[in-house]
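Engineer: Numbering (the numbering used here), first residue to last: 1406 to 1721. Glycine included, every Cβ here is placed at the ideal spot set by N, Cα and C. Dropping a structure here in structure tokens format, bear with me for questions.
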């Protein structure tokens, strides 16, 4: 079904992208990012994942089995830690689609993969270093495949660079290392390679899962401005975009309720070379659909929060 927009886009629920304050935790996170950027195993996994995504045979039995294994492992893990509620799962098509969700926590792609139907195999477009920065992620995703790693700079790394520019001499060396070693992923060659991979995925009958904000949001119930990638992929192939609102993932603790609110697919007309106005029109529609699904005035539950720090770092 086509999602019909019935009201103007509520701009009050969007948010500006703000760099985090340069705290000890921010600096430590930037150092971790640098470590993964220079880690041989992480970089090998990234290149292997890209090569695998380019060469997958359509509809293979092994791929379907991998999708079920991936879902089973993640569902057992996540449901052991949290209470999960899924609204309107019937809105997920069995044909190729772009699954587009808001992004609040590094658990988000794993939560979605644990709950989405395995009738379609989902390839996740996500931050390369975050997806491969721990042994359990490398083991699971290396075995089951289905990852398209995107190389990008982290907000903590951006904060360190800006602080160094502003006179923090103690951060100058770290900022220089980030500038030299952290890949930005925005080269024309890289973007064309990702586009070829995505179009091949749709042609094979599979779907993609991504986060059109392009980075973690700051607050429940709000969105960062959406980037163009999700919409361009959908327009070039003529596949629908399924908006999904994730609620409750910003701050994690044991047995917290996490909700997936699945909206009706947005149908788009195929355009091999979409014009700027076409792209912006669909971005506006997607933003409106996501904001309509997100909660008004979200309030964190007033309850004990066991294992809060551990669980918020588990999926980093």
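#1: Buried or exposed: which applies to residue 1604, given that a residue is buried once 16 or more other Cβ atoms fall within 10 Å of its Cβ?
#2: Please list, in chain order, all residues of the same chain as residue 1562 whose beta carbon is under 7 Å from its beta carbon, the five residues on each side excluded.
#3: My output table needs one value for residue 1527: the three-state DSSP class, helix, strand or coil.
#4: Going by DSSP, name the residue or residues bridged to residue 1664.
#5: DSSP three-state call for residue 1514: helix, strand or coil?
#6: Could you compute how far the alpha carbon of residue 1460 sits from the alpha carbon of residue 1513?
#7: Taking all protein chains shown into account, do 16 or more other C-beta atoms lie within 10 angstroms of the C-beta of residue 1415, making it buried, or fewer, making it exposed?
#8: Taking the alpha-carbon positions, what's the residue 1708 to residue 1523 distance?
#9: Using a 10 Å radius around the Cβ and a threshold of 16 neighbouring Cβ atoms, would you call residue 1648 buried or exposed?
#10: Looking only at its own chain, which residues have a Cβ that is under 7 Å from the Cβ of residue 1712, when we skip the five neighbours before and after it?
#11: At which residues does the alpha helix (DSSP H) containing residue 1612 begin and terminate?
#12: Measure the beta-carbon distance from residue 1517 to residue 1506 and round it to whole angstroms, keeping in mind my assumption that it falls under 8 Å.
Structural biologist: Quick look at the numbers:
#1: Numbered from 1 along the chain shown, position 199 holds the residue referred to as residue 1604. The residue in question, residue 1604, is exposed, as its Cβ has fewer than 16 Cβ neighbours within 10 Å.
#2: By 1-based counting over the chain shown, the position of residue 1562 is 157. For residue 1562, where only same-chain residues beyond five positions count, the Cβ hits under 7 Å are 1435, 1438, 1583, 1587.
#3: On the chain shown, residue 1527 is found 122 positions in, with the first residue counted as 1. Looking at residue 1527 - three-state DSSP - the assignment turns out to be strand.
#4: Position 259 of the chain shown holds residue 1664. Beta-bridge annotation (DSSP): residue 1664 is paired with 1490, 1652.
#5: Numbered from 1 along the chain shown, position 109 holds the residue referred to as residue 1514. Three-state DSSP puts residue 1514 in a helix.
#6: Your numbering for residue 1460 matches position 55 in the chain shown. Your numbering for residue 1513 matches position 108 in the chain shown. If you take the alpha carbons of residue 1460 and residue 1513, they lie about 26 Å apart.
#7: Position 10 of the chain shown, counted from the start, is the residue given in the question as residue 1415. Annotation note: pLDDT 41 at residue 1415 (below 50); position unreliable, no value reported.
#8: Locating residue 1708 in the chain shown gives position 303, counting from the first residue. Locating residue 1523 in the chain shown gives position 118, counting from the first residue. Across the structure, residue 1708 and residue 1523 are spaced so that their CA atoms are roughly 34 Å apart.
#9: For the purposes of this step, residue 1648 is taken as residue 243 along the chain shown, with counting starting at 1. Result: buried.
#10: Indexing the chain shown from 1 puts residue 1712 at position 307. If we look at residue 1712 and ignore the five residues flanking it on each side, its Cβ neighbours are 1658, 1659.
#11: Residue mapping note: residue 1612 aligns to position 207 of the chain shown, counting from 1. Here residue 1612 belongs to no alpha helix (DSSP H); instead the beta strand (DSSP E) covers 1612-1615.
#12: Sequence index remark: in the chain shown, residue 1517 carries index 112 (1-based). Sequence index remark: in the chain shown, residue 1506 carries index 101 (1-based). With a Cβ gap of about 6 Å, residue 1517 and residue 1506 count as contacting.
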